[in-house]
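Heads up, the thing below is written out as structure tokens.
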Amino acid sequence: NNNKSPSSLQMSQYWNREDSVPRAANLPNNSGTSSTSTITNTVRKAAKIICISDPNDDANAILHAENSLPDGAMVIARGITPDDFDYDALRQVNANVIFVSHPKARETLARILKEVPSVEWVQARSAGIDFITSPTLSASSNVLVTNAKGCFSSTLAEYTMMACSYFAKDLPRLLKQKNEKLWGKYSVEEIRGKTMGIVGYGDIGRACAKLAKAYGMNIIALRRDPTRSKDDPYIDTIMKNDTESLHSLMSQSDYVLISAPLTENTKGLIDAKSLACMKSNSVLINVGRGPIIDEEELIRCLKEKRIKGAALDVFAIEPLPQESEMWNLDNVLMSPHNMDQTETFLHEASEFFVKENLPRFLHGEDLLNPTDQVAGY
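First residue of the sequence shown? That's 483 in this note's numbering, and the numbers climb one at a time after it.
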């Protein structure tokens, strides 16, 4: 049964660009060459791939270049909208794999799943799957959904520590003094010894904890299944994700990191009551999804200086409207949802599909990064 919930899977079934050993397929590709790996040469099933993607997206070039796919795999259709696909043709060839990279793929994916019953596997070129979740996907218990978690975490961890330093060392003051040619000494805060509370301890949360631990921070983490982090060397305290634990985490933390996925359960999770639990000198950092935080309540909190500040890479509406008060707040570090956007990050996510998961599908092996499409991550 491929439709296992993440809580029943070992960490070894999840990819991470820092820790995982690349596994290229040990079978001839369409160019006749082969690579070394422990994967068997036997192709047990063909992969007939539907791409919900922009044809001008060069990060997906590896899917469409000549001789780029392993034997047994082929792209049979590509489009963006539901009307871009010939469903009779897809049914006739028993299309069985969907690769999703377009940000507005929800309706198209749901339509394909309804029209093409032979689909077995959906691979998202992102860590979050909130852009493809639907009642149709939730009901597709025979379809395995995997994501590209592990490709984006390290740079978000670097941003998180930069955000901590931004407030601890008062970087805005340094820049202002430089601009004014003012030599004015002032005391700064240490990050060492401070507490980071992580709401959503998945791959991104753990990567942040790894760096925070190197800084000497104390780590409190919140996750749906705490038993999966029982022996994690980066965590000092692990909690389950109930309201009481969330409020306890926020009251103890000097830096609260939001790295949870967006689901029906996490939308609006950080509300007025949660924000009221935070220390007056604490900082809220969000690298998850904007709607997890009640943005209007956060703006009120920041305007009234009830917390020190916020570092936000994601927002409820993106691009952030120009009329948003967030632009005018001097205690907010803002970035345009690009702190995971390295020059190669999307290329790496596409390569993960082609070089890691696709060979496993061809050989009948367990796929990496399974998600729970009902839970939404």
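Every residue, glycine too, gets a C-beta built ideally from N, C-alpha and C.
Could you check what DSSP says for A857 in three-state terms: helix, strand or coil?
-> coil
Reduced DSSP category for P461 - H, G, I as helix; E, B as strand; rest coil | Nothing can be reported for residue 461, as the shown portion of the chain is limited to 483 through 859.
Spell out the partners DSSP gives L794 in its beta bridges.
-> N768 and M816
Can you tell me whether DSSP reads W665 as helix, strand or coil?
-> coil
Nearest-angstrom Cα separation, counted from V579 out to V557 | 9 Å
Span of the alpha helix (DSSP H) around M732 = T725 to Q734
Relative to the alpha-carbon of Q734, which residue among T590, G675, L751 and R688 has its alpha-carbon at the smallest distance?
-> G675
Within its chain, find whatever has a CB closer than 6 Å to the CB of I740; leave out the 5 residues flanking it on each side and keep chain order.
-> V681, N768, G770 and I774
By the 10 Å Cβ neighbour count, where 16 or more other Cβ atoms means buried, how is W603 classified, buried or exposed?
-> buried
Hey, is the stretch 781 to 796 in contact with the stretch 634 to 651, meaning 3+ C-beta pairs nearer than 8 Å?
-> yes
How big is the Cα-Cα spacing for H584 and R526?
-> 29 Å
Beta-ladder partner(s) of W603, from DSSP | V579 and L626
Own chain, CB closer than 6 Å to A592, minus 5 neighbours either side, in chain order = S616 and T618
Local conformation of G679 per DSSP, three classes = strand
Under the rule that 16 or more other beta-carbon atoms within 10 Å means buried, what is S487, buried or exposed?
-> With a pLDDT of 37 at S487, under the threshold of 50, the predicted position of this residue should be treated as unreliable, and no value is reported.
Give me whichever residues DSSP pairs with C533 in a beta bridge.
-> R560 and F581
Taking Cβ to Cβ, would you say T824 is nearer than 7 Å to T637?
-> yes
Run through DSSP, which three-state label would N839 get?
-> helix
Which of the three DSSP states, helix, strand or coil, is assigned to Y737?
-> strand
Integer Cβ distance of D724 from S764, believed to fall under 8 Å | D724 to S764, Cβ: 21 Å. No contact.
Quick one: residues in its chain with C-beta nearer than 7 Å to the C-beta of K530, no 5 flanking neighbours on either side, listed in chain order?
-> M556, I558, V575, N576, A577, N578 and V579
Are the beta-carbon atoms belonging to L693 and M643 less than 7 Å from one another?
-> yes
Is it true that the stretch 537 to 555 meets the stretch 838 to 846, where meeting means three or more beta-carbon pairs spaced less than 8 Å apart?
-> yes
Cutoff 6 Å; reference E830; Cβ partners in own chain excluding five residues on either side = C633
Exposed or buried, which one is Q605 when buried takes at least 16 other CB atoms within 10 Å?
-> buried
In its own chain, which residues sit with a C-beta less than 6 Å from the C-beta of Y856, not counting the 5 before and 5 after it?
-> Before going further, note that residue 856 is Val rather than Tyr in the sequence given. Excluding residues within five positions, the ones whose Cβ falls inside 6 Å are S620.
Quick one: what's got a C-beta closer than 8 Å to L780's C-beta in the same chain, skipping five residues either side?
-> I752, L757, L766 and A792
How would you call E589, buried or exposed, if buried means at least 16 neighbouring beta carbons within 10 angstroms?
-> exposed
What do you get for L850, buried or exposed, if any count of 16 or more other CB atoms within 10 angstroms of its CB means buried?
-> buried
In the DSSP assignment, find the unbroken beta strand (DSSP E) run with R705 in it and report its ends.
-> N700 to R705
Residue from M699, T709, P715 and F613 with nearest C-alpha to V738 | M699
Determine the contact status of I702 and G687, defining contact as a CB-CB distance below 7 Å.
-> no
Excluding the 5 residues preceding and the 5 following D568 in the sequence, name in chain order all residues of the same chain whose CB lies nearer than 8 Å to its CB.
-> A559
Within 10 angstroms of the Cβ of R655, are there 16 or more other Cβ atoms? Answer buried if so, exposed if not.
-> exposed
Among M732, V836 and T563, the one whose alpha carbon lies nearest that of A547 | V836
Chain-order list of residues whose beta-carbon lies under 7 Å from that of E500 (same chain, five-residue window excluded) | S636
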